[in-house]
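Numbering (my numbering), first residue to last: 40 to 255.
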């Protein structure tokens, strides 16, 4: 899930994201998000479980499976999941390593607990109950497990028509999570992420991140 071209519109979310992922216009990256690799790369993966919320075309889920996680990858769009499955097969990831599920997080949430829960770029210009989803994400973290929430903070002007949208701050994310006592805040802050402008030149955006650990 990863669109942010303006305020939320009264459009059916599933229809919107099916079109977004199924129009064939986007050369989806096969690379995992750099912040995921940076924050999770040193954690043990073998024998552990991970939940990827809004998995999109599956690059993060595939990387997590390659680190040894048993991954549950969820998205609202079948088109996204089909792309993810295809990319996983091409990467040589066994089918059983990733459980691809179509889930509308605004109406439902996976049942269970996971050692790692990730929520990247839960921004949308269609209706999205983001705060509620983040609280449920925290509730899905197993004792001693990790929750990683990453979102945009600053984007180049050329990404938008008109004024850019405002994005949640780190403090906003922590308020939305409403963590109970005992959770440890491991990492918060801003990261510069490399990207390419429409002319193919190097560019950058600023993302924020919150990484927290549930008490064992």
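Every residue, glycine too, gets a C-beta built ideally from N, C-alpha and C.
Asked, Found
"Using only the alpha-carbon positions, how far apart do residue 187 and residue 108 sit?", "15 Å"
"On a CA-only basis, which of 103, 82, 62 is nearest residue 71? Give me that one, please.", "103"
"So what does residue 62 bridge to, in DSSP terms?", "Answer is none; residue 62 lacks a bridge partner."
"Kindly indicate which residue of 221, 252, 99, 55 has the alpha-carbon position closest to the one of residue 184.", "252"
"Does the ligand GTP have even one heavy atom less than 7 Å from the beta-carbon of residue 247?", "As far as ligands go, the structure on display features none, and thus does not contain the ligand GTP."
"To the nearest angstrom, how far is the alpha carbon of residue 96 from that of residue 59?", "11 Å"
"When DSSP labels each residue in this structure, what does residue 70 get in the three-state scheme?", "coil"
"Hey, out of 240, 143, 250, whose CA is closest to residue 155's CA?", "250"
"Please return the same chain residues whose Cβ sits closer than 6 Å to the Cβ of residue 144, not counting the five positions on each side in sequence.", "172"
"Residue 240: buried (16+ other C-beta within 10 angstroms of its C-beta) or exposed?", "exposed"
"Suppose the cutoff is 6 Å on Cβ atoms and the five residues either side in sequence are ignored; what does the same chain contact list for residue 170 look like?", "215"
"Pairs of beta-carbons, one from the segment 131–139 and one from the segment 112–120, closer than 8 Å: are there three or more?", "yes"
"Which residues in the same chain have their Cβ closer than 7 Å to the Cβ of residue 269, if we skip the five residues on either side of it in sequence?", "Outside the shown range of the chain (40 to 255) lies residue 269, about which nothing can therefore be said."
"According to DSSP, is residue 101 helix, strand or coil?", "helix"
"Is it buried or exposed, residue 168, if we count other Cβ atoms within 10 angstroms and call 16 or more buried?", "exposed"
"According to the neighbour-count rule (16 or more other Cβ atoms, all chains shown, within 10 Å of its Cβ), is residue 87 buried or exposed?", "buried"
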